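Protein chains in written order, with this note's numbering: chain A, 5 to 311; chain B, 5 to 311; chain C, 1042 to 1380; chain D, 1042 to 1380. All residues carry an ideal CB built from backbone N, CA and C; glycine is no exception. On a predicted model such as this, the values are computed, not experimentally measured, just so you know.
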Ligand SMILES: [Zn+2]
Ligand SMILES: [Zn+2]
């Protein structure tokens, strides 16, 4: 976003490449932590939800991994998968970047939306995938986020969004910028409907996305070490008279500065989300087993009444 | 208010005495500015609304002076003058302090309430008089402020309060403290009724009054140089690791820190209040002259219609 | 005994307790009971004696004793009560504006099966914690965090419990810079209109506006040995007698005890503490507090948001004592100072 | 002429204007008109020539020219427009939380007889003013002040006008510390539901989120020579071509002109500026802007708060371009990438 945001965005792009490039050692058996450089068995790395077993760094996830690690098994049903970006400004190289993103991720944009349950609580879920053009927000991403928020209001189901983004998508110009207003307005509508909106900020949540729907949750969680900030380090340094403080723009630093409710380790996210949603009055849906045992109890009562 | 507030309160008392003691030179012809020490002819001082003609310091006013300087001539009608303090805790020396305050000011408490018009706009007015026990807030002051706010809601007339106070009145203990909640709740009711509430902070607005109804205006004005702060200078110094900055707890310093909309010279207050109330949709009441000329116009129209 | 202050008294009880536990160990270890047959009797006597001493001392507390008990460094703090009374506490941080204040904790938890929003002042026990918690002096960002969580609770119809334990709000230059007065005032303003049940309990020090900033509630309760005051006794003494050492006299004059607050109509109930004070038995103290919360929340649960707000307004509206003389007659006969 | 950039062009016009004013003085001072009878004709010719030059240059502006015009240091700023269009401006200060930001001004004034709340970015003209106004880079406290005043306006049913003129929001460490992202997001969130008419006008630089943070309106207009962009051209060029000097190409690619913004459906109208740009005639520019405000506010004045909010939502809801392929059929035939 903006003149302020662009170095930030570039550094994010770089980081994304580094992450996806360096993490996988060619033979696939071992993985190198992008933070501490330690070589870890890929099987251990994946078992540990892509959190470094050595330094605890929470590596970026694909949307599918994120969904798998978060929601109740087989509970996710995708929505709005049929949205496709166009190139409204015929912006230099945009189409080829989209094509590359599609080829690399199998997704058509950096946001996956759907319904799922978390600890039995039905939610509308939106998940960013940073490896698709740094999950930058163009018309499609904005539309998907808005549909997720509207879906939550319509179903009266809490909306949970895992954010990650370099910011607004330059290649769609003003149309991208307006997605900030559009998503913020949709968050306001959800709020007016008194439906909970939970944001989980993941590495990296920046610029135009941080300055819109990512900052509007009723509750804001973040993964440890996630990069979270308005402008990238270079723009910020140029604009600042003070030196960037220790831990600047990490989740931990944002917590100190009042922007985040809790930093939650990846493995604890399903429990924390389930617990928070229950606190806000959203109970688990009864499972088939529950329904069966309830039916049995009712039968027992009838028998008792007769007896 | 509180352990934090007491030095503040004492310094206010001291200042009040100084102000009222030093300002009047015995023969009455000349007055000494409490700020710059300049000797001014009392007639000039009063013509200048008790603003020092030399340094511009805005001296404290009695409630009656304040009303005279602010509202349309003869428009003020007092309300709730019949409230009297009791001594619910039989607090050491409280009754004698009340008696002294009554003898010195002719008022029964540090707040005067009434209805008036400002530039033709009907308002409910409350005015503090610092010379009555530093206008500290006990049960009577709290009740009067609440009645003023309620009166505004009932009449659908804006409420304008000129604040000044050392804080909550220690001598009524918890009953005084609760006036903070009571007045704040009344301000919330007025806000819920969508009636404007304008605060004008005057020298000195401190502690429990600043931390309740004085900080809850839709619009907050202040007189130049007015002392405005939470704790008095000594408590604040004890609690702080940093030195008190230049101008600490002046109206100007509070403006810089976002707490005040405008600093308005005493002579400009009627115009500013009138203008602001009109901006918020409150027009001047028609005067008798207006009504007469309106009647004439109507008569003209009728004649025109006939003709 | 009542002439001992809290510290002396606590020391004497501690000595007694040491003797008692020695004696208990002897009784327990006894291999040859016949040689020390009267020990159990001695033990029982001593235990009775201990209870009598405590009862006697506590039956005759001065206001200043109450202040020291309320400030007792072993007294349970907000997070201790949360740990004992609630389950699944999810602490939430930050004001979304500037920072996160350690002197106020806020979040959601369950009271039995009921979701509750909890907001409370938090003191620290060791030096590091005390600094982190700013000795319980809450800052603007603490009040704004509290306000944010309380509004969140109201949005989702979750009842609110606030626990009060502060010597007062932060009064340093930086607190003023960020509008400590506005932050306190705004919370009272907001709390007055939140359409959800609110129960506030003074668990230790109810220090002035810093306390009241999270205590505009449908029910305001005090633990038996907590205090609630417009000003700290030391400050009051300094003003009245230019001598902070006359704090005991000031404590008395201020009527800051739970009993007096109840009599003045400022609080709705006093929650009994275990014999010898909450610090002697956290579990029991939390049990009593929990029971009181459940009881009071149950009484509020059937009221609509509008009813709650109206009653809350009238509750505070009614506090204050004054007289109203006869209105001045139009025929010129003014009544005098009839008060 | 169009190959001159704005600075060169302005210089050539300035030279022309100097000659013109010399000539005018001669004509005025003329004691013996018979000796210089053709001077008035020369003057008229020169004036025509000047108009033709300006018209020619302006008829062929590049996107980068537009950027430079939008940033022109003699262009009227928010307070200039307020001075020319409104009466009785009452500036209001502060966010009630932390500070007062000079980069955003806010207050109430009258547009003819109609009270209006005004919020706008403010740049400075001299060094001191520029520092005070932070070069128009608004800080969190600026957005929060804006939000406070806009909510106040909505509370009293006063329409809101916002004037946009910022290179972008403050991006330094301290802005991040105080939640610049949250401040911008919160304003958009709040503006989406304010039940009062809102008209926003980009008067100069519409720099990204910093602009949009006060531009969620029922009507969004742009002055003819303002720009509105997701990113500054310099930044865009640096990303695309690793060369900030390719800013003119980037400006073109970004489609940041008023005309293109209108075509994209992002703005509702373009307000014509006086020939040669707003900086050449503040009075005339303000006149056009005022007329546009009156017209747009009149169109909104009969809508209820609910209608305004609903239409405002749908207005932004509709922005964006994408295709939606046929949904995947249940019988297994998936349509391809039909976009
Ligand atoms: Zn590692
Ligand atoms: Zn003077």
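Min CB distance residue i to chain D below 8 Å
i: residue 179 of chain A; result: yes
i: residue 253 of chain B; result: no
i: residue 147 of chain A; result: yes
i: residue 1139 of chain C; result: yes
i: residue 26 of chain B; result: Only weak support is given to the placement of residue 26 of chain B: the predicted model assigns it a pLDDT of 46, under 50, and the question is left unresolved by the model.
i: residue 297 of chain B; result: no
i: residue 262 of chain B; result: yes
Identity of the residue in the options nearest residue i by Cα
i: residue 1271 of chain C; options: C:1210, C:1203 and C:1152; result: C:1210
i: residue 120 of chain A; options: A:133, A:110, A:68 and A:227; result: A:68
i: residue 203 of chain B; options: B:257, B:153, B:197 and B:250; result: B:153
i: residue 1168 of chain D; options: D:1161, D:1162 and D:1177; result: D:1177
i: residue 1199 of chain D; options: B:288, B:34, B:39 and B:282; result: B:282
i: residue 1134 of chain D; options: D:1190, D:1164 and D:1226; result: D:1190
Endpoints, the beta strand (DSSP E) within which residue i is located
i: residue 1245 of chain D; result: 1239-1248
i: residue 74 of chain B; result: Where residue 74 of chain B is concerned, there is no enclosing beta strand (DSSP E), although the alpha helix (DSSP H) it sits in stretches over 67-74.
Proximal residues to residue i (C-beta, below 8 Å), its chain only, five neighbours per side dropped
i: residue 1080 of chain D; result: 1064, 1067, 1068 and 1071
i: residue 1330 of chain D; result: 1122, 1126, 1242, 1244, 1264 and 1312
Beta-carbon proximity of residue i to residue j, cut-off 8 Å
i: residue 1195 of chain C; j: residue 1237 of chain C; result: yes
i: residue 1291 of chain C; j: residue 1274 of chain C; result: yes
i: residue 123 of chain A; j: residue 270 of chain A; result: no
i: residue 200 of chain A; j: residue 80 of chain A; result: no
i: residue 131 of chain A; j: residue 83 of chain A; result: no
i: residue 1307 of chain D; j: residue 1269 of chain D; result: yes
i: residue 255 of chain A; j: residue 232 of chain A; result: yes
i: residue 1155 of chain D; j: residue 189 of chain A; result: no
i: residue 248 of chain B; j: residue 1212 of chain C; result: no
i: residue 1253 of chain D; j: residue 184 of chain A; result: yes
Contact with chain C by residue i, beta-carbon distance below 8 Å
i: residue 285 of chain A; result: yes
i: residue 198 of chain B; result: no
i: residue 294 of chain B; result: no
i: residue 214 of chain B; result: yes
i: residue 223 of chain A; result: yes
Chain B contact for residue i (CB, 8 Å cutoff)
i: residue 1358 of chain C; result: yes
i: residue 1052 of chain D; result: no
i: residue 1227 of chain D; result: no
i: residue 1218 of chain D; result: no
i: residue 1198 of chain D; result: yes
Extent of the continuous alpha helix (DSSP H) to which residue i belongs
i: residue 1162 of chain D; result: It is not in any alpha helix (DSSP H) - residue 1162 of chain D instead sits in the beta strand (DSSP E) that spans 1155-1162.
i: residue 116 of chain A; result: It is not in any alpha helix (DSSP H) - residue 116 of chain A instead sits in the beta strand (DSSP E) that spans 115-122.
i: residue 1080 of chain C; result: 1080-1099
Beta-carbon contacts of residue i that lie in its chain and below 7 Å, excluding the five residues immediately before and after
i: residue 1319 of chain C; result: 1116, 1117, 1264, 1266 and 1326
i: residue 218 of chain A; result: 167, 203, 205 and 209
i: residue 1174 of chain C; result: 1143, 1144, 1163, 1164 and 1165
i: residue 1185 of chain C; result: 1136, 1138 and 1224
i: residue 106 of chain A; result: 112
Same chain, Cβ closer than 6 Å to residue i, five either side skipped, listed in chain order
i: residue 173 of chain A; result: 140, 141, 142 and 180
i: residue 1337 of chain D; result: 1240 and 1260
8 Å Cβ cutoff, residue i in contact with chain F
i: residue 1297 of chain C; result: Going by chain labels, chain F is absent from the structure shown, which instead holds the protein chains A, B, C and D.
CB contact check: residue i to chain A, cutoff 8 Å
i: residue 1161 of chain D; result: no
i: residue 1223 of chain D; result: yes
i: residue 1134 of chain C; result: yes
i: residue 1124 of chain C; result: no
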